[in-house]
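Note that the sequence shown covers residues 7 to 63 in the numbering used here.
Step one of this worksheet: look at the structure below.
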Amino acid sequence: MFPASEERRTGKVLLDTTNTELAKKMGFERTDKYMYSKSVEWDEVEIIEERKPYILD
């Protein structure tokens, strides 16, 4: 599972991870010091929305 967003330029899905080993295994490119990203087509992924409540004290 990866955080995902839509790339505005291409309309593809942009996946991100900070896990170096997983990024290398899955063909991600390094985009920042600790961030790896990969663009994929919408039909290559299953979007699962997970919401986590914030607790404000």
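From the three backbone atoms N, C-alpha and C, an ideal C-beta is built for every residue, glycine too.
Nothing here was measured: the structure is a model prediction, and the numbers come from that model.
Cα-Cα separation, residue i to residue j
i     : j     : result
Ser11 : Leu62 : 26 Å
Glu35 : Thr24 : 11 Å
Leu28 : Phe8  : 11 Å
Lys39 : Thr26 : 11 Å
Asp54 : Lys30 : The question names Asp, yet the displayed sequence has Ile at residue 54. Roughly 23 Å separates the two Cα atoms.
Trp48 : Arg15 : 14 Å
According to DSSP, residues forming a beta bridge with residue i
i     : result
Glu12 : Val19
Val2  : Examination of residue 2 is not possible in this model, given that the chain is present from 7 through 63 alone.
Arg36 : Tyr42
Same chain, Cβ closer than 7 Å to residue i, five either side skipped, listed in chain order
i     : result
Lys37 : Note on residue identity: the sequence assigns Thr, not Lys, to residue 37. Ser43, listed in sequence order.
Could you check whether the segment 42-58 touches the segment 13-22, counting it as contact only if at least three pairs of C-beta atoms, one from each stretch, sit closer than 8 Å? yes
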